[in-house]
Amino acid sequence: MSEIPSIDDFRAVFLKYTEKAFRLLPKIANPNILDIGCGTGVCTIKLASLTDGIIIGMDIDEIALNSLNDKIRSAGLFNQIITIHGSLLNSGFEKESFDIIWAEGVLHTIGYKKGFKACYELLKPEGYLVIAEAIDKITRKKSLIPKSGFELYNQVIWEKGCWWNEYYSPLEEILDRLRKDGVPITLFSELIKHKNEIAMVKANISQTDTAHYILKKI
Ligand SMILES: C[S@@+](CC[C@H](N)C(=O)[O-])C[C@H]1O[C@@H](n2cnc3c(N)ncnc32)[C@H](O)[C@@H]1O
């Protein structure tokens, strides 16, 4: 069979929403951007193509950061992206350091209240916090947005069911094909790690509906 895709290749199908959300921000010259919970940097690399600002990718997962560092090296982006191993909750940055904080799929892990508070402190006045989260979860926590000092500036609603249609269903198909073709598991161990998520998402497709929320510090 042709080359086995990486999990980052699957993740990349949603970069269209990252780009849409970024383009809804007002133009900021040379912004300082913190990509918190950047993981392997799929969004970080995309952001670098959309801005001339400096991006700091921060994550508690050192292995994921190593993968981002490889991407930075091969794309020659060391002048634009810096990676830091650390937590949003103990970042060591000075208050009001950033124009934009990008946080895709991370604040629900940290906890919205703590996460919003930390981002509020790190953002410059009138800075922007862009989060990508399950609509279900944010709808339940909506009141935290003004309580944390933000207003909803804009949003990008992802296509309904897209986690299933564009990510987990194609992943399931590829895993089935690899098994059928007798490809050794060691060659796709990175993909098979996500096997349990497939059944979970299939059973709760609507709960995975996602949006980018662009929050402005007020
Ligand atoms: C679902 S992944 C999202 C990765 C990437 N933003 C994306 O959308 O592809 C969540 C990431 O948040 C990171 N993370 C969790 N808690 C964190 C914290 N307190 N500070 C920084 N990163 C954290 C995890 O290690 C993981 O890489």
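Be aware that the sequence shown starts at 206, since it is given in the numbering used here, and climbs by one per residue. We treat Cβ as the ideally placed atom computed from N, Cα and C, and that holds for glycine. For clarity, every value in this text was computed on a predicted model and none was experimentally measured.
Per-residue burial, residue i [other beta carbons within 10 Å of its own, 16 or more giving buried]
i: F193; result: No information on residue 193 is available, as it lies outside the stretch 206 to 423 that the chain covers here.
i: G332; result: buried
i: S394; result: exposed
i: G246; result: buried
i: A234; result: exposed
i: G262; result: buried
i: L392; result: exposed
i: G387; result: exposed
i: I423; result: exposed
i: I390; result: exposed
i: D381; result: exposed
Within 8 Å, strictly: CB atoms of residue i and residue j
i: L282; j: A253; result: yes
i: G242; j: D264; result: yes
i: P231; j: T256; result: no
i: K251; j: E224; result: yes
i: Y418; j: I315; result: no
i: E356; j: L420; result: yes
i: E402; j: Y373; result: yes
i: L349; j: A323; result: no
i: E299; j: L328; result: no
i: G244; j: A280; result: no
i: F321; j: S353; result: yes
Residue i: CB within 7 Å of a non-hydrogen atom of ligand 1
i: T314; result: yes
i: D257; result: no
i: L376; result: no
i: V174; result: Absent from the model: residue 174. The displayed extent of the chain is 206 to 423, so no value can be given.
i: V311; result: yes
i: M405; result: no
i: C324; result: no
i: D264; result: yes
i: A269; result: yes
i: I241; result: yes
C-beta neighbour in chain D for residue i, strict 8 Å
i: F298; result: Chain labels in this structure do not include chain D; a single protein chain is all it has.
Other residues of its chain near residue i: CB distance less than 6 Å, five sequence neighbours each side excluded
i: F227; result: L255
i: I305; result: P236, I238 and Y333
i: S272; result: T245
Reference residue i; option with closest CA among the options
i: H313; options: I423, T413 and K352; result: T413
i: K276; options: D213, E299 and V311; result: D213
i: K319; options: F303, L396 and K346; result: K346
i: C367; options: K407, E299, L229 and K329; result: K407
i: N370; options: S411, F303, R384 and K352; result: S411
i: G258; options: R278, I286 and S272; result: I286
i: Y358; options: L229, P210 and Y222; result: L229
Nonlocal neighbours in the same chain, by C-beta distance under 8 Å from residue i, ignoring five residues either side
i: A416; result: A337, E338, I340, I343, Q360, V361, I362 and W363
i: N274; result: T288
Proximal residues to residue i (C-beta, below 7 Å), its chain only, five neighbours per side dropped
i: A217; result: V247
i: L376; result: F215, L396, H399 and I403
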